[in-house]
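Reviewing the structure listed below.
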Amino acid sequence: HCPSRCRPGPEACGPGSTGPWGTSVYWAAAPVYRSQFLVGLAVVTGLPAALPTLPLELTVLYNSLLFTVGASDSVIEGEAEGIRQGLLRVLEACGAGGQDLSTEELWQKVLQDVTAGELQAPLHQLGALQAAWWLAASRLGSTAGLFRLLSHAEDPGRACCREGENELLSLLKAWQVPAEEASLPLVQSTEDLKEILCTAAAFLQGLQELEAGNFATALSLFQEAAGGFCSKRVLAQIYTCLGCCAQQMGKPQTALQHLKRALQVDFQCLPALSHAAEVYHELGETNAELEALALLYEALGKKLPAAASSSPYFLIRTELLVDTPILASLLRHRHPSEVKYLLAQRCLQYGRVADAVEHYLDFLALFQEGLQQQVPLDDSSALPRIPEVFLETASALEQAGRHQDAITVCEEVISRTTDLIPRMLQVEERLEQPECPSSGAGLVGGLLPQKKESLRYLAWRAAGYLHQGWAWAKLGESKEAITQFSRCMCLSVAENLLPEVEVIQKIRLLSLIGRGMQFLDLGRHKEALLDFLHGLQISPGDPAAASYLVQALWKLNRKQEAAAHWQKFSQSPPGEDGQQEGQGRSFPLYLVSCLKQAMFPHSESLARSIQDYLATTSWDPSSKPSQSPCTGLAQGL
């Protein structure tokens, strides 16, 4: 057996290991030995079961099953039938039967009825192997039940685990491994297998507790597993899980310590680097987060050599027994395209526009090469829909002053969505079942998926026009900007509480403000006033639309109305009259630059002019008109 024990610190054992089964010659000839064991097992099981030959038969069975696992590099569910047949052979030798019993019942019958001393060691060996199969299937209760039986068979008076202790781990640790017969060597010692079972049991239960939200218990179990019997690769995975657990507990610094330890143990444990970037993001440590993402992207682009810790010199290893969906989720390797997009997105969010542009263009180059098609676009993916990436790229280009490039990128979105939007799109919130349930179309958020998708296309196309409008405005082409803003407003839908509809309504508001600003620059104040009024109808109390409305009224020399609106919107507390409506809402990243451009610049001169007007006029600003201000303004036009 392996002399180094593969505990934290020492290198994984290799072909140079000593012992009857640790030589490189033996491992090179493993397929030959496996075939010989299988032939021997077939010969033995073809004879009537007899107590004198059962120890040899069960040992051959144990070794052959171990070789089967080693050859496939996985625990095969079907191979557990071999253990069942071995137990039936034991009962046959004792003159009993159990074909109609389940595997759990079969173990109970064998361990309670068979008392032959020469069979105890082989049965315990098979029990350890059975536990490995059950752990691999996450059948922790069955495993605990088996070791209760094994412990009772050794010492009927043994006490149960103490209160507060983990029962399965207590049973495994208390299990006394019978001495091995020198004449019947094992390809993997039962003592080594016991420690692997202890590590796997702690790891599996830690994952279960983590998934259930019992973070303190999960942390304790992961720490138990980290001190167990495993390779460096598995140890790095355990430290990664410790980091994720500490992060969930609101201990980011502790999480970072565990994740750094994971990378120290196995530099190829890239999920630890990915989780570290998330923790830095939570802490607001921008430089550290971007550095971690850059290192992750660089590492993913390299073909690293196989880690020594994955050496297969144990036929049953911890990694074969711990393979659950939550572990796969925690250890998911991000695709390079995902990391490149995260770099671009973070740089845009943090205002590092030049870096954002570089990363976005790199990502689009990968898109053009078709490399991003390998990325699974599931809930765990960091990638949004591709049109949104194009729009975020346009936003970054605008902020970098590359307005013509932004227009070109938006044209790509507009041209590709033109044929995807139906001429008429009726939006309704539906709670009933679809008319044709046999078609398989389900409801998503109360809306048929086809209509929901059409709304997304509509929002992307409208956002493309919006960005083009702002880009043309920055280029000084007011007429072209007005044209693009107007095209954006032609794409409208009825009011609805769906997120997609809210985004479209926000785009329409921003387009009205943008077009109104262009009208102000051109001296077309009445047209600007109408746009700002329309914007307030879409979003009552919007600060930007209200501020521009005051400016338009003032330029039209309608000072009394301008002063009334100025007082209303400057003195109203936050939240009153819907002034802050939508400000706490999370809109897509590609709209952030447009939201900033639509903000009304602080104008002290306009404020002073209105204050001087109020000080010199006898008009009572507290008097309320008989009709709404918007209605009066519309009639005044």
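Note that my numbering has the sequence shown beginning at 9, numbered continuously upward.
Idealized CB from N, CA, C, for every residue including glycine.
Could you check which residue in the options has the C-alpha nearest to that of residue i?
{"i": "Tyr288", "options": "Cys252, Leu308, Ala307", "result": "Cys252"}
{"i": "Leu518", "options": "Ile490, Lys563, Asp529", "result": "Ile490"}
{"i": "Trp539", "options": "Gly531, Arg325, Leu530, Ala553", "result": "Note on residue identity: the sequence assigns Asp, not Trp, to residue 539. Closest by alpha carbon: Ala553."}
{"i": "Gly103", "options": "Val118, Tyr70, Glu112", "result": "Val118"}
{"i": "Gln492", "options": "Gly105, Gln231, Gln476, Glu100", "result": "Gln476"}
{"i": "Ile415", "options": "Asp370, Leu99, Ala481", "result": "Ala481"}
{"i": "Arg269", "options": "Lys259, Leu281, Gly258", "result": "Leu281"}
{"i": "Leu69", "options": "Ser486, Leu194, Gly149, Leu603", "result": "Leu194"}
{"i": "Trp115", "options": "Thr248, Leu64, Gly153", "result": "Gly153"}
{"i": "Leu308", "options": "Ala101, Thr332, Arg340", "result": "Arg340"}
{"i": "Asp550", "options": "Phe577, Asp529, Lys567", "result": "Phe577"}
{"i": "Arg393", "options": "Pro260, Pro596, Lys487, Glu377", "result": "Pro596"}
{"i": "Val509", "options": "Ser72, Glu485, Trp468", "result": "Trp468"}
{"i": "Ser486", "options": "Gly531, Gly409, Gln568", "result": "Gly531"}
{"i": "Thr426", "options": "Gly94, Cys496, Ala536, Val397", "result": "Cys496"}
{"i": "Gln376", "options": "Cys238, Leu227, Phe398", "result": "Phe398"}
{"i": "Ile646", "options": "Phe275, Leu267, Leu95", "result": "Because the chain here runs from 9 to 645, residue 646 falls outside it and cannot be looked at."}
{"i": "His160", "options": "Leu109, Gln526, Gln128", "result": "Gln128"}
{"i": "Gln276", "options": "Glu199, Lys310, Thr198", "result": "Lys310"}
{"i": "Ala101", "options": "Ser150, Leu59, Glu188", "result": "Leu59"}
{"i": "Ala623", "options": "Glu189, Pro609, Glu188, Gln575", "result": "Gln575"}
{"i": "Gln656", "options": "Lys460, Arg360, Asp370, Glu488", "result": "This structure leaves residue 656 out entirely; the chain is present only between 9 and 645."}
{"i": "Pro507", "options": "Ser594, Lys567, Leu544", "result": "Ser594"}
{"i": "Leu372", "options": "Arg360, Pro56, Tyr349", "result": "Tyr349"}
{"i": "Thr294", "options": "Ile546, Leu356, Cys238, Phe237", "result": "Leu356"}
Does the distance from the C-beta atom of residue i to that of residue j stay below 9 Å?
{"i": "Ser337", "j": "Leu391", "result": "no"}
{"i": "Lys181", "j": "Cys206", "result": "yes"}
{"i": "Ala571", "j": "Tyr621", "result": "yes"}
{"i": "Pro395", "j": "Arg424", "result": "yes"}
{"i": "Ala470", "j": "Ile512", "result": "yes"}
{"i": "Leu428", "j": "Tyr465", "result": "yes"}
{"i": "Val421", "j": "Leu143", "result": "no"}
{"i": "Asp363", "j": "Leu351", "result": "yes"}
{"i": "Leu158", "j": "Gln213", "result": "no"}
{"i": "Ala560", "j": "His533", "result": "yes"}
{"i": "Tyr368", "j": "Glu400", "result": "yes"}
{"i": "Ala136", "j": "Val98", "result": "no"}
{"i": "Leu599", "j": "Ser403", "result": "yes"}
{"i": "Cys418", "j": "Gly472", "result": "yes"}
{"i": "Ile334", "j": "Leu148", "result": "no"}
{"i": "Thr326", "j": "Ala208", "result": "yes"}
{"i": "Pro63", "j": "Glu232", "result": "no"}
{"i": "Leu564", "j": "Leu544", "result": "no"}
Measure the alpha-carbon distance for residue i versus residue j and round it to whole angstroms.
{"i": "Ser617", "j": "Gly221", "result": "60 Å"}
{"i": "Asn304", "j": "Pro279", "result": "In the sequence as displayed, the identity of residue 304 is Leu instead of Asn. Looking at the two C-alpha atoms, the distance is approximately 9 Å."}
{"i": "Ser319", "j": "Leu474", "result": "Residue placement at Ser319 is poorly supported in this model, since its pLDDT is 43, which falls under 50; the coordinates still yield a value, given next. Each residue's Cα considered, the two are about 57 Å apart."}
{"i": "Ala284", "j": "Leu215", "result": "19 Å"}
{"i": "Gly235", "j": "Ile204", "result": "11 Å"}
{"i": "Leu66", "j": "Pro130", "result": "6 Å"}
{"i": "Ala615", "j": "Lys604", "result": "21 Å"}
{"i": "Ser178", "j": "His343", "result": "41 Å"}
{"i": "Glu113", "j": "Gln138", "result": "13 Å"}
{"i": "Gly409", "j": "Glu535", "result": "28 Å"}
{"i": "Ala38", "j": "Phe75", "result": "Note that Ala38 scores a pLDDT of 48, beneath 50, so its modelled location is shaky; the value from the coordinates is reported in the next line. Their backbone Cα atoms lie some 8 Å apart in a straight line."}
{"i": "Met607", "j": "Ser601", "result": "10 Å"}
{"i": "Gly448", "j": "Gly94", "result": "In this predicted model, Gly448 has a pLDDT of only 34, less than 50, meaning its place in the structure is not dependable enough to derive any value."}
{"i": "Gly524", "j": "Ser494", "result": "11 Å"}
{"i": "Gln587", "j": "Leu250", "result": "Below a pLDDT of 50, predicted positions are generally treated as unreliable, and Gln587, at 36, falls in that range; no measurement from the model is reported."}
{"i": "Leu227", "j": "Pro260", "result": "14 Å"}
{"i": "Thr248", "j": "Ser611", "result": "53 Å"}
{"i": "Gln120", "j": "Ser80", "result": "34 Å"}
{"i": "Phe155", "j": "Thr198", "result": "14 Å"}
{"i": "Pro548", "j": "Val558", "result": "14 Å"}
Compute the beta-carbon to beta-carbon distance between residue i and residue j, rounded to the nearest angstrom, for a pair I have assumed lies under 8 Å.
{"i": "Tyr556", "j": "Ile521", "result": "6 Å"}
{"i": "Thr61", "j": "Arg92", "result": "The pair is not a contact, with the Cβ atoms about 19 Å apart (cut-off 8 Å)."}
{"i": "Phe230", "j": "Met257", "result": "Actually they are not in contact, since the Cβ atoms of Phe230 and Met257 sit about 12 Å apart, beyond 8 Å."}
{"i": "Leu301", "j": "Val365", "result": "At roughly 16 Å, the Cβ-Cβ gap does not stay under 8 Å, so Leu301 and Val365 are not in contact."}
{"i": "Ala210", "j": "Trp141", "result": "The pair is not a contact, with the Cβ atoms about 18 Å apart (cut-off 8 Å)."}
{"i": "Gly78", "j": "Leu323", "result": "4 Å"}
{"i": "Arg354", "j": "Leu298", "result": "6 Å"}
{"i": "Asp200", "j": "Ala244", "result": "Rounded, the Cβ-Cβ distance is 21 Å, inconsistent with contact."}
Go through the stretch 470 to 546 residue by residue and report every complete run of the alpha helix (DSSP H) that reaches 4 residues or more, in order. 486 to 498, 507 to 529, 533 to 546
Curious, which full-length alpha helix (DSSP H) runs of at least 4 residues does the stretch 232 to 316 contain? 240 to 256, 260 to 273, 278 to 291, 294 to 308
Could you tell me which uninterrupted alpha helix (DSSP H) segments, each at least 4 residues in length, are contained entirely in the stretch 318 to 394, listed from first to last along the chain? 326 to 329, 333 to 338, 344 to 357, 361 to 377
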